[in-house]
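Basically this note's numbering = 1-based index in the sequence shown + 33. All C-beta atoms, glycine included, are put in the ideal place defined by N, C-alpha and C. Here's the structure we're looking at; comments come further down.
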Amino acid sequence: MDGLLSTLASQAKRCEREIILLSPFFEGGGLGRLADVLLDALERGVEVTIVTRYLSDPDSHNYGVITSFSERAAERGVSSHLSLVDYTVWDEDTPPQKRTQGGENPRFTLHAKVMLFDSRAAYVGSANVTDYGFDRYLELGVLLEGAKVSSFRELCLFLLESDGAVPVSV
Numbered sequence: 034m035d036g037l038l039s040t041l042a043s044q045a046k047r048c049e050r051e052i053i054l055l056s057p058f059f060e061g062g063g064l065g066r067l068a069d070v071l072l073d074a075l076e077r078g079v080e081v082t083i084v085t086r087y088l089s090d091p092d093s094h095n096y097g098v099i100t101s102f103s104e105r106a107a108e109r110g111v112s113s114h115l116s117l118v119d120y121t122v123w124d125e126d127t128p129p130q131k132r133t134q135g136g137e138n139p140r141f142t143l144h145a146k147v148m149l150f151d152s153r154a155a156y157v158g159s160a161n162v163t164d165y166g167f168d169r170y171l172e173l174g175v176l177l178e179g180a181k182v183s184s185f186r187e188l189c190l191f192l193l194e195s196d197g198a199v200p201v202s203v
């Protein structure tokens with residue numbers, strides 16, 4: 034999947050305003066392949082928003098991976114441009130101690146894989162930000178450019194403005 038990684042990296046390097054990354058699953062090795070270009074984007078003042086599930090659960094795998102990335106951003110002094118969002122919607126009667134990756138099933142959660150680059154390009158595909166997603170599985174995705182991107186940006190903004198999107202500090 035070197036083609037996918039090089040495409041995502043190339044698009045991230047061209048960004049001037051924002052990158053929105055939606056993925057339900059992260060691994061250190063997978064995010065590590067994108068970390069440098071995302072950190073470089075943060076250093077250029079690009080707003081980077083990562084949306085995933087179970088980010089409010091400190092015992093979840095995503096929490097550990099995203100925390101490590103956030104610490105790297107803090108070390109570079111660019112964490113003010115990084116936003117983290119948990120998109121896991123629970124039934125109201127689910128007790129807080131069960132609102133974990135290993136607890137009850139959420140009522141609704143994120144499974145989309147989208148990476149939005151400013152308003153000019155969007156990757157939409159099946160690959161998670163994992164070693165398997167980038168290297169071991171046959172994945173399918175497309176890079177959209179031009180007018181087609183606006184509907185994906187609107188979708189991302191709708192999701193980020195919805196009640197299910199919970200900003201998280203790690």
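Please report the straight-line C-alpha distance between residue i and residue j, rounded to a whole angstrom.
i    : j    : result
E157 : E108 : Reading off the sequence shown, one finds Val at residue 157, where the question assumed Glu. Using only the alpha carbons, I get a separation of about 31 Å.
E49  : D92  : 34 Å
A68  : F102 : 7 Å
L149 : R186 : 7 Å
L190 : S183 : 10 Å
L188 : I52  : 14 Å
V122 : G197 : 5 Å
L117 : A180 : 27 Å
T40  : V147 : 13 Å
G62  : R47  : 23 Å
A45  : S113 : 18 Å
L72  : T133 : 29 Å
To which residues does DSSP link residue i through a beta bridge?
i    : result
D119 : T85, V199
G107 : One point to set straight first is that residue 107 is Ala, not Gly, in the sequence displayed. A107 is not bridged to any residue.
E178 : A154
F141 : V122
L149 : I53, A155
Do the CB positions of residue i and residue j come within less than 8 Å of each other?
i    : j    : result
V84  : L192 : yes
R86  : T163 : no
L176 : A154 : yes
L75  : V111 : yes
A42  : V79  : no
D119 : S159 : no
R66  : L38  : yes
V199 : I99  : no
Excluding sequence positions up to five away, which residues of its chain have a Cβ less than 6 Å from the Cβ of residue i?
i    : result
D124 : R140
N161 : S56, F58
Near residue i, which residues of its chain fall below 7 Å by C-beta distance, leaving aside the five closest residues on each side in sequence?
i    : result
L115 : L75, V81, S103, A106
S152 : V182, S183, R186
K131 : E137
G166 : G63, A160, E172
What I want to know is whether the C-beta of residue i ends up closer than 7 Å to one or more non-hydrogen atoms of the ligand MN.
i    : result
D151 : With respect to the ligand MN, the structure offers nothing, as it holds no ligand at all.
Practice item. Just list the alpha helix (DSSP H) runs in the stretch 47 to 97, keeping only unbroken ones of 4 residues or longer that don't cross its boundaries, in chain order. Key: 61 to 76
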